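Here's the structure we're looking at; comments come further down.
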Amino acid sequence: MERVVWVDVLKGLGIMAVVWGHSGSKNAFYMFWFHMPLFFFISGYLYRLNSQQTELSYIKRKVNHLLVPYAYYLMLLALGMFSVSLWRGQSAAYFWSANWKAFLLGGSLLEGVYATFWFTTCLFFVQIGYDFLCRKIPSGFYKGLIVLVAFLIAYWQSRYLPESFVPWNMDVGLYALVFYAGGHFCKQTKLLDKPSSRKIVLGVSFILFIGFIHLYSRQILDYGLDMKHRQYYYFGLNLILPLIFTFFLVQLSLILSKWQVFNKTLIRIGRAAMVIMYLHIPSVYIVRQIIPMTPVRFFVVGILCPLLFYMVIQSFPYGRFLALGEPMNKGREHSA
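Everything in the sequence shown is counted per the working numbering, starting at 13 for the first residue and increasing by one.
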């Protein structure tokens, strides 16, 4: 599939928001309001139903694209932390007994250097579920109804069963499905391609974006979002605000994609988004042993070190397949 420049720019902005969200800055929590819904939206925007491809073939492709890198980075980091554990004088039995459950069940059990891994398994189940939905239910109305029911179930769980656990954060997929379907809807209707409709949607989003920031800063409205830990219990706002921020960033991406001074850097960061997601926390963990870490240093290290890894790993045999989830005999392409 032909790459869309503004989508790569949007992914670049999104992964920068993820890194800043983990930086420890006083304003980092704002990033949680939208950064994960944004990536589900992007993935849905890139989704394309291929009736020539069987369901099993689609699942196999998603396993290669998502779960192979997931397993690769999990093993890479687990071996690294295992070595650190041995260096500290801890036994092998202690390390594996403390981590085996998180490694096996994933999701919100994965913390520390593995903290971002929940997203991959959640996205995998969302993609498989939505593809199944599109194959079996051609009616847009009924698909929308199912997505709405999924959203209501997710809200109910967040509100009344916040401590519940489902392996690999599959349950979070009920909430994520809304943004994935929203991205696909925007692609099908060409909502972001038509200048007239885009200006209206993005103009309204910008006004609402500024308005909410103002109301929140004055403590007139309250809000919070943490998908990993199922904290999306502000009904209505948990849907509207991530979409407002997403459309605002779409507009920003469309603007920046026309400025070469910005777009080359953002495109490279966007194409390395998966690697940055997996490795920004481990990179900071290593560098922190050498120098103190401030939010700005966290951000710089969290972007540059994984970006260097992204550039180097491609020169190794099977590097693209294991670390990037790319087909072994094909060039780069957007995931769908």
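C-beta atoms are modelled at their ideal positions from N, C-alpha and C, and glycine is treated no differently. For clarity, every value in this text was computed on a predicted model and none was experimentally measured.
- Out of Trp-99, Met-93 and Val-178, the CA that lies nearest to the CA of Gly-119 is found in Val-178.
- Checking the DSSP bridge columns, you'll see Gln-243 partnered with Asp-238.
- In the structure shown, Gln-272 falls within a helical segment according to DSSP collapsed to helix, strand and coil.
- The shortest C-alpha to C-alpha distance from Val-30 to any of Gln-200, Tyr-244, Pro-339 and Phe-51 is the one to Phe-51.
- Around the C-beta of Thr-133, 16 or more other C-beta atoms lie within 10 Å, and the residue is accordingly described as buried.
- In the three-state reduction of the DSSP assignment, Pro-307 falls in the helix class, which pools H, G and I.
- Counting only the Cα atoms, Ala-40 lies some 25 Å from Val-216.
- Per DSSP, Met-286 is one residue of the alpha helix (DSSP H) stretching across 285 to 299.
- Beyond the five residues adjoining it in sequence on each side, Phe-260 comes within less than 6 Å, by CB distance, of Ser-217, Phe-218 and Phe-221 in the same chain, given in chain order.
- Gly-194 is a Cβ neighbour of Phe-53, given a cutoff of 7 Å.
- Nearest Cα to Ala-83 within the set Tyr-187, Phe-94, Phe-129 and Ile-27: Phe-129.
- Annotation: the continuous alpha helix (DSSP H) that includes Ile-219 extends over 207 to 229.
- By the beta-carbon neighbour count (other beta carbons within 10 angstroms, threshold 16), Glu-175 is exposed.
- Shown here, Gly-124 sits in a helix according to DSSP, grouped into three states.
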